[in-house]
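Trainee: Numbering (the UniProt record's numbering), first residue to last: 1 to 156.
Heads up, the beta-carbon is just placed ideally off N, CA and C, and yes, glycines get one too.
Have a look at this one before I ask anything.
Below is the structure:
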């Protein structure tokens, strides 16, 4: 059985990220995936309690994703799953696709909504184009007004 260390987890991540040979994935996409996995690795490791024979994680797992944890496709030591019901509010989790990932990240920068609140990212996506249009409209008006102001400056 492989010892659960940071080095072994890095090797495992490297095995998971072997997409370079014969793949159409760009180097940038590969590095993005790698950094996301590294960030999640360090976040997960910061919540662990390690003893001689046991590694304990405290985390929230959505019910629909529980089978992914219970039956992993990799060789790991046996899993002891202890589901604890508590009165704490679970963290917000918004399922996003590639198109919605960036707007959701921008919204999360200014504060992640609470568990039962509406996700403001759709409102941001809809209004973003309008506000950009308003800003560039003002720039366009300014560019049209500058020649007129220069032309009529002598009369002012």
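(1) Check the C-beta distance from residue 93 over to residue 62 and give it rounded, since I have them as a contact under 8 Å.
(2) Are there 16 or more other CB atoms within 10 angstroms of the CB of residue 154, so buried, or fewer, so exposed?
(3) Among the candidates 29, 9, 152, whose CA atom is the shortest distance from the CA of residue 98?
(4) According to the Cβ coordinates, are residue 48 and residue 39 closer than 8 Å?
(5) In the DSSP assignment, what are the bridge partners of residue 50?
(6) Is residue 8 helix, strand or coil when you go by DSSP?
(7) In the structure shown, what three-state DSSP assignment does residue 149 receive?
(8) Reducing DSSP to helix, strand and coil, say where residue 32 ends up.
Mentor: In brief:
(1) 6 Å
(2) exposed
(3) 29
(4) no
(5) 55
(6) helix
(7) helix
(8) helix
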